[in-house]
Amino acid sequence: MAKSRILPLVPLPQSTVLLPGIVARIPLTNRADIAALLANIYSKASTPTVEANSVTIGCVPLNSPFLSADGKQLIDDGKPSIGPKLLVDPAQAKRTDLFSYGTVGKVTGVQGRRQGDLTLIVEGVSRFTVDRILKDRPFFEARVITHEDQIIRQDNVEVADLFTQLKQLSRELIALIRLSPLLPRGPSLSLSPLLARRLELYIAKKDLSDAGVLADFMTNMIEGTHEEKLRVLAALRVKDRLERVIEMLQRQIKGIHGSSRIISITTTVPHDGMIDPDMLNKLRQDPRMRNIGNGQMPGGMSLPPGFGGGGGQQADEEANETDELKKRLEDAKLSPEAQKVADRELKRFAKMNPNQAEHQVIRNYLENLAEIPWTKMTEDRLDAATLANARKQLDDDHYGLEKIKKRLLEYLAVLKLKQAVNTDLDKQIQAIATASEPQAEAAEQSDEDQDVAPKSQVAKIERSTRIQTPDELKLLQHRKMVDKSPILLLVGPPGTGKTSLAKSVATALGRQFHRISLGGVRDEAEIRGHRRTYVAAMPGLIVSGLKKVGVANPVILLDEIDKVGTSSHHGDPSAAMLEVLDPEQNHSFVDHYVNIPIDLSKVLFIATANTLDTIPAPLLDRMETIQLSGYTTLEKRHIATRHLLPKQITTNGLQQQNVSLSADVLDKVITSYTRESGVRNLERELGSVCRSKAVQYAECRDTNTLPAYSPAVASEDLEDILGPERFEEELTARSSQPGVVTGLVAYSSGMQGSILFIEVADMPGSGRVQLTGKLGDVLKESVEVALTWVKSHAYELALTNDPNEDIMKARSIHVHCPSGAVPKDGPSAGLAHTVALISLFSNKAIPTTLAMTGEFSLRGKVMPVGGIKEKLIGALRAGVKKVLLPKQNAKDVKDLPDEVKEGMEIVLVGHIWEALPHVWPGMEWPGQRGWSGVESRL
């Protein structure tokens, strides 16, 4: 039955003919016509994604000068053809170069690994004749008439006899091909027993209705000229097709019989039923055995669907692939243990069929082994200027953070000294080895003179091997002890520069840097890797990081180690980190995928965390913890001036002279619009300011009014740019009154400090105490402690005339802390509460420029508190001139910035009787006379 349709045509490569039911591979190299054809089909598709097997094309072979347009053989003049046959490039073919018959093909996909190996896979469906070519560029398109094989009746004796003869000749040819290795000049095609059995079953199952299908299949299998296959393609009638295929089969079988002679074969079966390995290797090296079991057919064709194993790689490609892997493994300089495993796997890989699933698994494993840096290391830049350069690098990248900078410089100094020690040890080992060589040679010569008979080669090798002396072994052991890197843990709030610090360390050392984010890791296999028995197994994050950087001594940042998942049915990732971060064990870290010890002792691990509460104790014990408390207001001002503001000016397309922020404006942005430990929100706010100035600058430039543009940003402009102030800052009061004292507070949300007013008022009552201002339990208790001490020492404070009189008998008090919506807690206001109560009961006002902090005990002692640095910076900004601190906080005073030390008077007190003279100078109390300032510890 014939049908007319329009199809895009693809000229097939030279000497290639596609028949129905056969799969062909068309190389895509230099085939612009195929690319244009596929692009046109996909652009006209009704759906966004076109299924590969829905693309239909017409595959037309190139014409032959020995055939007519309808496929009939031309009669020559009896003279031999002179000159070579002209080869036509299918990509440049013309209309006259195309054969009049072709095959409708269904595109099933594209195969290949590299750019030059890509092939288009097409499966033949039915024959067609070219009616009229509609266009030839950029690709051929023609109106074709498709033809289906006519139904053969069972009573058609002539076709039935031809079909029976075809099946008989096909089985005979398969049998001869199976025996071809035993024939002296057999055919080059070989079949494995399994594949031959499948072919026999395939032929036996075909009945008379499949005569045309079997004829096309055998045409593809046997060797024939291009003209013979074109004649089979042009045979639309099944009878004509059978006759032409039978003629080709008879000629090939006759050729095999004619090129062979009778030989006698002696078969020896081993007693143990095993095949001789030497014979097996010879068979593998035989060029005729290359395609056994791969289902590969001559001419690049493959078996029809259902046979399996279609299109394996050629033996020479396999050899090149093996040689390439071997060279990569040699260049990787594996450790002895890794080399042993690699050699074993490489031998398995070379002997394995590429169609086996294990083939790709072994290939991936060997490629991973070759990519791991076993011995390749970055040379540390440890010269005379190393420490100075590292200090400059850290200072340029980060302001403040003196503790962490000090620790990193210590590591660099130790690393430099280690290198000097190792160099000295190498010289000593070399000197010992040089001194022992003459003695070894003399002993060897003496042994040779005494030998009556020559010894074996093994004995000579053993004798020539020098035994290391005890001194040399001791030096080598000492060298192993100094080759270790520390495990550092940076703990601090977000945005304080932990990650950028690790990058600065890598830059200062000249090492490679790699960051591993551990946040959300819930599976132990993500750290240790998956075992190779699983599908899509891969190495863990540590080994993958080493592969990426390509050296064995990088700086690896383990980011957010406090957010690693806990134990579950997937394992415990934090427990898997124990071996990685243990300096005594990580020299032999075993990844589940690699399954070979990997030395991680040269890696400098730097971990970061926001809190220590979620890190397991065993893991925390393996790391050296360095606290980053966050940036103060003064430090943020320097960071904004040196780093953040220039970065935001450049990011927003401005020049440095286009934006100017004074110190007062920066301080207002820091204190009124941000309250954080780091500087991320500060950078965002500065970005908003720069974008506002960018709008003004662009408008002035567009309207030619640049002289009127002002780069300065005033404090009054911030409200228009950033909105109303988000945080209000307390300032010292202008006037003082009894019962009001200035305390100090440090905000837990952002490492900033400020002052806090504590107000105490009394009224007639029965001793009731009322607390307001959203106070926490600890703060309430500190009020009770202060009140108890004042009541018990009321007579000594000259507040009552009788030691037994209760000062709260006829009054009630109310303690309040302003900013009632802000939660307040902590013991640091105990001293301030005590002084406020004394001020209220004695009716003496406290100077407004005096502030104080410290925990208070029932014995009158002033105990140490935290956050001194932040509190005093906030107090200086609020206008405080004098501060009372606990004596035990003297160590914190040393870390204060010079601006704070010079801007206010800091007084250290250990007891309330010490503090009162500084609050009210010149005054005396009865109880102060009996206090000596020395407390008995008996």
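Take 1 as the starting number for the sequence shown in full-length UniProt numbering and just add one per residue.
Yeah, the Cβ is synthetic: ideal placement off N, Cα and C, and Gly gets one too.
- Around the beta carbon of Thr788, fewer than 16 other beta carbons lie within 10 angstroms, which makes this residue exposed.
- Between the alpha carbons of Pro711 and Ser660 lies a gap of roughly 6 Å.
- Along the segment 685–714, the beta strand (DSSP E) does not occur as any fully enclosed run of 3 or more residues.
- Of the candidates Val361, Glu337 and Leu249, the residue whose Cα lies closest to the Cα of Arg348 is Val361.
- Here DSSP, grouped into helix, strand and coil, assigns Phe99 to coil.
- About 7 Å separates the beta carbons of Gly102 and Val130, which is inside the 8 Å limit, making them a contact pair.
- Counting C-beta pairs with one atom in each stretch, the segment 19–31 and the segment 132–143 have fewer than three that are closer than 8 Å, which means they do not touch.
- Where Ala235 is concerned, there is no enclosing beta strand (DSSP E), because DSSP gives it neither an H nor an E.
- Counting C-beta atoms within 10 angstroms of its own C-beta, Met221 has 16 or more neighbours from the protein chains shown and is therefore classed as buried.
- Short of 8 Å from the beta carbon of Asp97, and not among the five residues preceding or following it, lie these beta carbons of its own chain, in chain order: Pro11, Leu62, Asn63 and Val88.
- Note that the C-beta distance between Ile846 and Val835 is below 8 Å.
- Taking C-beta separations shorter than 7 Å and ignoring five residues to either side along the sequence, the partners of Arg143 in its chain run Ser4, Ile6, Asp131, Arg132 and Leu134, following chain order.
- Residue state for Phe841 is assigned as helix, using DSSP reduced to three classes.
- Bounds of any beta strand (DSSP E) do not take in Val17, whose DSSP letter is neither H nor E.
- Under the three-state reduction of DSSP output, Val551 falls in the coil class, being neither helix nor strand.
- Annotation: the continuous beta strand (DSSP E) that includes Leu850 extends over Leu850 to Met852.
- Assignment of Gly105 by DSSP, reduced to helix, strand and coil, places it in the strand class.
- Taking one beta carbon from each stretch, the segment 737–745 and the segment 828–843 have 3 or more pairs nearer than 8 Å; the two touch.
- With distances taken between CA atoms, Leu490 lies nearest to Glu624 out of Thr705, Ala761 and Glu624.
- A direct Cα-to-Cα measurement between Glu719 and Tyr673 gives close to 10 Å.
- Following the DSSP letters along the chain, one finds Ser782 inside the alpha helix (DSSP H) bounded by residues Asp777 to Ser792.
- At a cut-off of 3 residues, the continuous stretches assigned as beta strand (DSSP E) that sit fully inside the segment 129–190 are 140–147.
- Counting C-beta pairs closer than 8 Å gives three or more between the segment 813–828 and the segment 769–782, which meets the contact rule.
- About 7 Å separates the Cβ atoms of Leu488 and Ala607, confirming a contact at the 8 Å cut-off.
- Distances from the CA of Ala342 to each of Ala32, Pro354 and Lys326 were compared; the closest alpha carbon is that of Lys326.
- When secondary structure is reduced to three states using DSSP, Gln430 falls in the helix class.
- According to the DSSP assignment, Arg511 belongs to no alpha helix (DSSP H), since it is labelled neither H nor E.
- Sorting Asn652, Arg642 and Asp717 by C-alpha distance to the C-alpha of Val669 places Asp717 at the top.
- With a cutoff of 8 Å on beta-carbon distance, Pro886 and Val909 are scored as near each other.
- The continuous stretches of beta strand (DSSP E) do not include Glu914, which lies in the alpha helix (DSSP H) extending over residues Ile912 to Val919.
- Assigned with DSSP and collapsed to three states, Thr499 falls in helix.
- Put simply, the backbone Cα of Asn804 is about 28 Å away from that of Pro921.
- Cα atoms of Ala431 and Thr386: separation of roughly 30 Å, rounded to the nearest angstrom.
- The continuous stretches of beta strand (DSSP E) do not include Glu345, which lies in the alpha helix (DSSP H) extending over residues Pro336 to Lys351.
- Its Cα nearest to that of Ser68, the residue Ser100 stands out among Leu37, Glu324, Ile57 and Ser100.
- Counted as a single uninterrupted DSSP element, the stretch harbouring Ile203 is not any beta strand (DSSP E) but the alpha helix (DSSP H) occupying residues Pro193 to Lys205.
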